[in-house]
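S.K.: Here it is: the structure, laid out below.
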Amino acid sequence: MAIIVNLDVVLAQNKMRLNTLAEKVNITAQNLSVLKTGKAKAIRFDTLEKICRALNCQPGDILVYQDDEE
């Protein structure tokens with residue numbers, strides 16, 4: 001997969017649990033878990049915005065592109 005999801009890293013840096021983030025952004029913990037594990041096929045921009053606001057980060061802190069050929 002070319003897109004790496006670093007949500008777990010950003011959560012750890014903010015000392016926040018997944019369930020706490022789920023409550024803050026009004027999304028189920030299960031859906032956030034799918035995103036965190038990299039199994040999500042898409043993310044809505046408004047959801048990404050809420051996550052970034054709650055974690056005080058940029059989208060690039062959570063999502064990173066890595067070429068599969070590297």
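If you read the sequence shown in full-length UniProt numbering, its first letter stands for residue 1, the second for the next number, and so on.
The beta-carbon is built from N, C-alpha and C at its ideal position, and this holds for glycine as well.
(1) Just checking my contact of Ala-29 with Asn-19 at CB under 8 Å: how many whole Å lie between their CB atoms?
(2) Look up Ile-62 in the DSSP assignment and say whether it is helix, strand or coil.
(3) How long is the line joining the alpha carbons of Asn-26 and Tyr-65, rounded to whole angstroms?
(4) Secondary structure at Ile-3, three-state DSSP: helix, strand or coil?
(5) Is the beta carbon of Ala-2 sitting closer than 8 Å to the one on Lys-24?
M.R.: The answer reads as follows:
(1) 5 Å
(2) Note: Ile-62 maps to helix in three-state DSSP.
(3) Our two residues, Asn-26 and Tyr-65, have alpha carbons roughly 26 Å apart in a direct line.
(4) strand
(5) Contact: no.
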